[in-house]
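Chemist: With the first letter of the sequence shown counted as 1, position 113 gets the number 121 in my numbering; the numbers rise by one all the way through. Positions of the beta carbon are idealized from the N, C-alpha and C atoms, including for glycine. Quick one: the structure is below, and I'll ask about it shortly.
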Amino acid sequence: MLEVHLLTLFPEAVEAYLRASILGRARAAGRLRVHVLDFRRFATDRHRTVDDRPFGGGPGMVLKPEPIFEAVETVEREFGPCRRILLTPDGQPFRQAMARELSGEKRLLLLCGRYEGFDERIRLGLEWTEISLGDFVLCGGEIPALAVVEATARLLPGVLGDDQSAVQESFTDPCLLDHPHYTRPAEFRGMRVPDVLLSGNHQAVAEWRRAQARARTLERRPDLLQPPSSGPPGPEAQPPSPDRGTRNPPEAEARDDQPWTSSEKSKSST
Ligand SMILES: C[S@@+](CC[C@H](N)C(=O)[O-])C[C@H]1O[C@@H](n2cnc3c(N)ncnc32)[C@H](O)[C@@H]1O
Numbered sequence: 009m010l011e012v013h014l015l016t017l018f019p020e021a022v023e024a025y026l027r028a029s030i031l032g033r034a035r036a037a038g039r040l041r042v043h044v045l046d047f048r049r050f051a052t053d054r055h056r057t058v059d060d061r062p063f064g065g066g067p068g069m070v071l072k073p074e075p076i077f078e079a080v081e082t083v084e085r086e087f088g089p090c091r092r093i094l095l096t097p098d099g100q101p102f103r104q105a106m107a108r109e110l111s112g113e114k115r116l117l118l119l120c121g122r123y124e125g126f127d128e129r130i131r132l133g134l135e136w137t138e139i140s141l142g143d144f145v146l147c148g149g150e151i152p153a154l155a156v157v158e159a160t161a162r163l164l165p166g167v168l169g170d171d172q173s174a175v176q177e178s179f180t181d182p183c184l185l186d187h188p189h190y191t192r193p194a195e196f197r198g199m200r201v202p203d204v205l206l207s208g209n210h211q212a213v214a215e216w217r218r219a220q221a222r223a224r225t226l227e228r229r230p231d232l233l234q235p236p237s238s239g240p241p242g243p244e245a246q247p248p249s250p251d252r253g254t255r256n257p258p259e260a261e262a263r264d265d266q267p268w269t270s271s272e273k274s275k276s277s278t
């Protein structure tokens, strides 16, 4: 069971999504528990202020440290230590390997920013894994947080109808996209399903799918097939795995010595 604490100023923006479909079923089945917490509750002044103007001037408002420290410390006092995730555009790009790593955690705490983002002391004074959903800027961390929760929860045993679904898909073999899929009818508007998929020959189907996945990756994401500049050799240096079952060790993409972890940042900022 994975327990998630989602800290946001807009609980209503995430609650409906967390009740729907696979996440809703995972919660009902007791495989996922989600607590949504409005961290405005931890502001102590009369107006429940969570943001303030930036020192040094400039546009927008900055999230104050006190309510967030208080919220994080209260959750952890009550429930126990969490793997803390800060959603931010300058974080580590979110990838499947990170989702897989997070699916092995017991308890996650996700902090959604708003406005201009966080007072830097929130990053420096608490240890975080900082995650970005991509190179674009949203108004808040709620959509990135939901993406992280969903990508992680669907990897938990028993959450997808067929656990094989999470094995045979893009990025599972670390550097391949998914192969094309077809269903009935066998012919639609002059487009025929490839004969091999109708042949009943499982080995031929598996080979066709592997070749298609490779061709599609080469065409659309050749960067995925590049061996990393350092570290272990990439998949080009190895024969393709017959069952697409090999995986990046999680630490290959999420090591503690990355600049996105606050422990390293605080070291370099001193
Ligand atoms: C308007 S954004 C702040 C942008 C920030 N001033 C910057 O330029 O990087 C407000 C909040 O939305 C969330 N957010 C926006 N884009 C994001 C992304 N690509 N990935 C993760 N979180 C994002 C973060 O929590 C962020 O603190």
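1) Cα-Cα, which of Thr-160, Asp-143 and Thr-16 is closest to Val-58?
2) I'd like the span of the alpha helix (DSSP H) that includes Ser-29, first residue to last.
3) Do you know whose CA, among Arg-197, Glu-109, Arg-192 and Asp-186, lies nearest Ala-219's CA?
4) The beta strand (DSSP E) spanning His-13 covers which residue range?
5) My parser needs the alpha helix (DSSP H) runs of 4 or more residues fully inside the region 106-164; what are they?
6) Where does Leu-205 sit, in a helix, a strand or coil, going by DSSP?
7) What are the boundary residues of the alpha helix (DSSP H) that includes Pro-62?
8) Between Arg-122 and ligand 1, is there a pair consisting of the residue's CB and a ligand heavy atom that are separated by less than 7 Å?
9) For ligand 1, is there any heavy atom lying closer than 7 Å to the beta carbon of Leu-146?
10) Which residue comes first and which comes last in the beta strand (DSSP E) that contains Gln-100?
11) Among Gln-176, Glu-135 and Arg-200, which residue has its Cα nearest to the Cα of Pro-89?
Modeler: Here's the rundown:
1) Thr-16
2) 29-36
3) Asp-186
4) 10-16
5) 128-133 and 150-161
6) helix
7) Note, Pro-62: premise wrong, no alpha helix (DSSP H); not H, not E.
8) yes
9) yes
10) 91-101
11) Glu-135
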